[in-house]
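2 protein chains.
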Amino acid sequence: MDGAALLLVLLVAAVPLSAAGDAHPGYSDEGTCTVGADLRRLEEGGGRGRIIDITHAYVPDLPAFATGAVTGPVVRLKESMADGSEYNLSELRMECHAGTHVDAPGHINQAHFAAGLDVDTLDLDVLNGPALLVDVPRDTNITAEVMKFLNIPRGVRRVLFRTLNTDRKLMWRKGGDMSYVGFTEDGAQWLVDNTDIKLIGVDGLSVAAFDYLISAHVVFFKTPDIIPVEGLKLDDIEAGIYMLHCLPLRLVGAEGAPTRCILIK
Amino acid sequence: MDGAALLLVLLVAAVPLSAAGDAHPGYSDEGTCTVGADLRRLEEGGGRGRIIDITHAYVPDLPAFATGAVTGPVVRLKESMADGSEYNLSELRMECHAGTHVDAPGHINQAHFAAGLDVDTLDLDVLNGPALLVDVPRDTNITAEVMKFLNIPRGVRRVLFRTLNTDRKLMWRKGGDMSYVGFTEDGAQWLVDNTDIKLIGVDGLSVAAFDYLISAHVVFFKTPDIIPVEGLKLDDIEAGIYMLHCLPLRLVGAEGAPTRCILIK
């Protein structure tokens, strides 16, 4: 039971919160003191854990998917108070697979794309929930052998794989480096055949190593129920279990989307 | 205590999860069965609540900020498997204040903008935590009188204000409608002076009613610690307390950003 649910149980007993249709449209007057006190308690008393941002900031020199390539400018000021406007107003322009982002099934599978399986169809129940952060041996791609070694139990649905990419700070460097590590085709197949993992987080430009770029994606997207989350910032976090919240933009029609992801400890 | 924290307490007693530097780089072998069982229990046994998406999908006919205006195309396919590419690749282009989005302090305050107070500086501890969804009387903007009537207790830091905009389905209509309701200048001032609210969620195009567009924003942004979240989808949800997760893109330099927001009950 999370904090909100727990509080709600407490509140249902103590406070007659009104529904939208009741006389007082907000919530019942007699309950306000309790609502305030209970929300304060929830804020202060361990109602939430420590939040860890595992998203890379979108900056113009974020590495892009080619040797030496950068994303380039992402944000442009369209209206500017410095130029006499009453407000500042920015415009955003980027590839949907830049920085920390999710892949939708239509990214490398045309049947899924044609069926409308865009990022807006990705399951929020997969994108949010308990996740395991594991360390991959630093001298290898994520092969079948490595997956076997990691021995991730059945029932684990979300895994963030920290690799040599984090140690090499590849996502912090200006310019793409195609020597990042990722899944091989047999590693992808092993995951599909032997685990219940539905969300695969990686700390490199892609879930697939460059030599297996298409083939590993093809394996993951045979069925549309696996969500790769790529370009995560996994520096300086202990391996273990966290609550993951990964919330991509609802871009209708897009086969990928930038996202913000956090862990709560 | 949320589910992850609760589980962690259970686990610390039962399972010696290894830190990143230990012999097995992932997690201890002897703990794997317990990790799997505990994660399964967390998934199935009320470890998380029901997720409610309160974000509007980004579609080309989403209302924009002018009478009859729409956002227009947001996503464009840059590489297409239908045209022989090995993958589909989308590009995203939009104003940072379209659809469900957050304002940063630099949006209507040039001193904050010059000081670099962009969306990437917004506090994740404000954007994530317990929130109160309240119903505003349906015949009014959010004035000082309405704020007094709502009587939101001290200690409440996040409030989602549901208004006539939801009943009129304004965010679902093609084309902007400047008759949406929002905060007046005196409503904004009352909130700043008499509450601890730091996150203000609204169901219209802006946190400020059109006639108070600049003046209400100016009040909210006198100090840079209030976060307006605009264009929320608050249809068909009971008023009450939820856990809110609002995760905007980390757009360095931008004074606003599209975001995905969910409630967990």
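Going line by line, the protein sequences match chains A and B. For the first sequence, numbering that gives the first Met the number 0 begins at 0 and goes up steadily by one. For the second sequence, numbering that gives the first Met the number 0 begins at 0 and goes up steadily by one. We treat Cβ as the ideally placed atom computed from N, Cα and C, and that holds for glycine. Everything numeric in this text was worked out from a predicted model, so none of it was measured.
Could you work out which residues of chain A lie near residue i, taking near to mean beta carbons separated by less than 8 Å?
i	result
B:MET177	Simply none; closest approach about 15 Å.
B:PRO247	ARG259
Quick test of your reading: residue i and residue j, contact by CB under 8 Å. State the CB separation rounded to the nearest angstrom.
i	j	result
B:LEU123	A:ILE50	5 Å
B:LEU262	B:ILE53	6 Å
A:VAL101	A:GLY255	6 Å
A:ILE141	A:PHE160	6 Å
B:ASP195	B:GLY154	6 Å
B:GLY186	B:VAL145	6 Å
B:PRO257	B:ALA130	So it is not a contact: roughly 19 Å between Cβ atoms.
B:GLY175	B:PRO62	4 Å
B:THR183	B:TYR211	5 Å
A:PHE209	A:ASN108	Contact doesn't hold; Cβ gap of about 19 Å is too wide.
A:LYS232	A:MET170	7 Å
A:PRO152	B:VAL74	Not really, about 38 Å apart at Cβ, beyond 8 Å.
B:GLY128	A:GLU42	7 Å
A:ALA114	A:GLN188	Wrong, their Cβ atoms sit about 23 Å apart, outside the cutoff.
Could you tell me whether the Cβ atoms of residue i and residue j are closer together than 8 Å?
i	j	result
B:ARG249	A:TYR57	yes
B:ASP224	B:LYS264	no
A:ARG157	A:LEU243	yes
B:SER89	A:ALA253	yes
A:TYR241	A:LEU132	yes
A:ASP117	A:GLY105	yes
B:GLU229	B:VAL201	yes
B:ILE226	B:LEU126	yes
B:ALA238	B:ASP134	yes
A:ALA103	A:LEU121	yes
A:THR66	A:CYS260	no
Quickly, what does DSSP pair residue i with across the bridge? List them, please.
i	result
A:PHE64	Per DSSP, none; premise fails for A:PHE64.
A:ILE236	Its beta-bridge partners do not exist; DSSP assigns none.
B:GLU78	B:LEU88
B:ALA110	Looking at the DSSP assignment, B:ALA110 forms no beta bridge with any residue, so it has no partner.
B:ARG161	B:ASP134
A:VAL58	DSSP output for A:VAL58 lists no bridge partner at all.
B:CYS260	B:CYS245
B:PRO129	B:MET242
A:LEU250	B:TYR57
B:ILE51	B:LEU262
B:GLY255	B:ASP102
A:GLU42	Answer is none; A:GLU42 lacks a bridge partner.
B:ILE141	B:PHE182
B:MET146	Per DSSP, none; premise fails for B:MET146.
B:MET170	None, per the DSSP bridge assignment.
B:VAL290	No statement about residue 290 of chain B is possible, as the shown extent of chain B runs from 0 to 264 and does not include it.
So with CB distances below 7 Å, who are the chain A contacts of residue i?
i	result
B:SER89	CYS95, ALA253, GLU254 and GLY255
B:GLN188	Simply none; closest approach about 19 Å.
B:GLY105	ASN87
B:TYR57	LEU248, ARG249, LEU250 and VAL251
B:ASP119	ALA56
Against residue i, what residues of chain B qualify as contacts under a CB-to-CB distance less than 8 Å, listed in chain order?
i	result
A:VAL34	LEU131, PRO152, VAL155 and ILE240
A:LEU38	PRO129, LEU131, PRO152, GLY154, VAL155, ARG156 and ILE240
A:VAL74	CYS95, LEU250, VAL251, GLY252 and ALA253
A:LEU123	ILE50, ASP52 and ILE261
I want to verify the contact list: residues of chain A whose CB lies under 9 Å from the CB of residue i, in sequence order.
i	result
B:THR54	LEU246, LEU248 and ARG249
List the residues of chain B that residue i touches, going by C-beta distances under 9 Å, in chain order.
i	result
A:ARG92	GLU90, LEU91, ARG92 and MET93
A:ILE213	GLU85 and TYR86
Given that residue i touches chain B, what residues does it touch there, using C-beta distances under 7 Å?
i	result
A:MET80	GLN109 and PHE112
Is there at least one non-hydrogen atom of the ligand HEM closer than 7 Å to the beta-carbon of residue i?
i	result
A:LEU76	Summarising the ligand content, the structure contains no ligands, and the ligand HEM is consequently not present.
Establish whether the CB of residue i and some CB of chain E are separated by less than 8 Å.
i	result
A:TYR211	Here chain E cannot be found, since the structure's protein chains are A and B.
Open item on the list: Which complete alpha helix (DSSP H) runs does the stretch 175-231 of chain B hold, if anything under 4 residues is left out?
Closed with: Complete alpha helix (DSSP H) runs here, min 4: 184-193 and 212-219.
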